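These notes concern the structure reproduced below.
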Amino acid sequence: MKEVAMRKPELAAAIAERADLSKDKAGEVLNVLLDQITQSVAKKESVTLVGFGTFEARSRAKRKGKNPQTGAEIEIPASNTVAFKAGKALKDAVN
10 MKEVAMRKPE LAAAIAERAD LSKDKAGEVL NVLLDQITQS VAKKESVTLV
60 GFGTFEARSR AKRKGKNPQT GAEIEIPASN TVAFKAGKAL KDAVN
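Here the numbering used here is used: the first residue of the sequence shown is 10, the next is one more, and so on.
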């Protein structure tokens, strides 16, 4: 089965069609939504879209790893990352 990816322009077009908006207006709405999620998660606030899922920032502690080329032990610094946990309705739709 060939994997098909929906990119931002296709998503904006789908929103425009379903919400009876122009493609430009739908693209603007999508950009505002994504910007707001980004700003909230950057401030370490979680964003929950009931039924869809939750976006949140998570911290990774520093840890030891190995250089795959040399096998030498290296220290991987602490970092922050973004996590997404799918909601029940999304999980049900996929299964």
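Yeah, the Cβ is synthetic: ideal placement off N, Cα and C, and Gly gets one too. Computed from a predicted structure; not experimentally measured.
Shown here, Gly62 sits in a strand according to DSSP, grouped into three states.
In the DSSP annotation of this structure, Glu54 is not part of any beta strand (DSSP E), being labelled neither H nor E. A straight line joining the alpha-carbon of Gln45 with that of Asp29 spans about 23 Å. Under a 10 Å Cβ-count criterion, Val50 is classified as buried, with 16 or more other Cβ atoms of the shown protein chains found around its own Cβ.
In the structure shown, Asn40 falls within a helical segment according to DSSP collapsed to helix, strand and coil.
Counting only the Cα atoms, Val59 lies some 22 Å from Lys17.
Look at the beta carbons and you see the stretch 95-102 not touching the stretch 78-85: under three pairs across the two are nearer than 8 Å. If you ignore the 5 residues before and after Asn89, its C-beta comes within less than 6 Å of the C-beta of Ala66, Ser68, all in its own chain and listed in chain order.
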